[in-house]
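First the structure, in the form of structure tokens, and then the observations on it.
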Amino acid sequence: MGLPLSGLSLAAIFCGAGLGALLRIWFNTVSVGLSAIVPMGTLISNLLGCYLVGIAVAYFANHPAVSSEWRLFIITGFLGGLTTFSSFSAEVVSLLERGQLTWGLGLALMHVCGAIALTFLGIWTYQSLK
């Protein structure tokens, strides 16, 4: 079992998650019409979130004095609320069930490969600006 979280830690996670979820739904709303087949809002949310988590991980690794509440707010809360594995998997399955194998597998590859690449890019960005 993990360490008990303080009220401030819980509030940081709660507030961050709410803001991240609001940004995700905004991406879903403004991206309607970008693609008739692939749901772009979730892809944008996941890729941006992975890029930002790369920056955050690199930043916090180089700034150990930053409070744990900030880490919880940004990584666990905000980026956890922004990114969504469950929506991604549901959208891929929906494409596959409609017989759109190429689009379904392509979307899965874009999410997974893009997420890994953008996390590395986020770390590299931080290191370059340091």
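First residue of the sequence shown: 1277, per the working numbering; consecutive thereafter. Glycine included, every Cβ here is placed at the ideal spot set by N, Cα and C. Bear in mind the structure is a predicted one, so any value in this text is a computation, not a measurement.
Assigned secondary structure, residue i (DSSP; H/G/I helix, E/B strand, else coil)
i, result
"Leu1371", "helix"
"Gln1403", "helix"
"His1339", "coil"
"Ser1282", "coil"
"Thr1360", "coil"
Nearest-angstrom beta carbon gap, residue j and residue i [assumed within contact, 8 angstroms]
i, j, result
"Ile1320", "Ser1307", "6 angstroms"
"Gly1398", "Val1329", "6 angstroms"
"Ile1289", "Gly1353", "4 angstroms"
"Gly1356", "Leu1295", "Actually they are not in contact, since the Cβ atoms of Gly1356 and Leu1295 sit about 11 angstroms apart, beyond 8 angstroms."
6 angstroms CB neighbourhood of residue i in its chain, flanking five on each side removed
i, result
"Ser1285", "Glu1345 and Leu1348"
"Ala1384", "Val1368"
"Gly1390", "Leu1323"
"Tyr1402", "Ile1331, Ala1334 and Tyr1335"
Neighbour-count burial assignment, residue i, 16 or more Cβ in a 10 Å radius
i, result
"Glu1367", "buried"
"Arg1300", "buried"
"Pro1315", "buried"
"Thr1395", "buried"
Contacting residues, own chain, Cβ-Cβ under 7 angstroms from residue i (five flanking each side not counted)
i, result
"Leu1372", "Gly1380"
"Phe1361", "none"
Can you list the alpha helix (DSSP H) stretches of 4 or more residues lying completely in the region 1287-1322, in chain order? none
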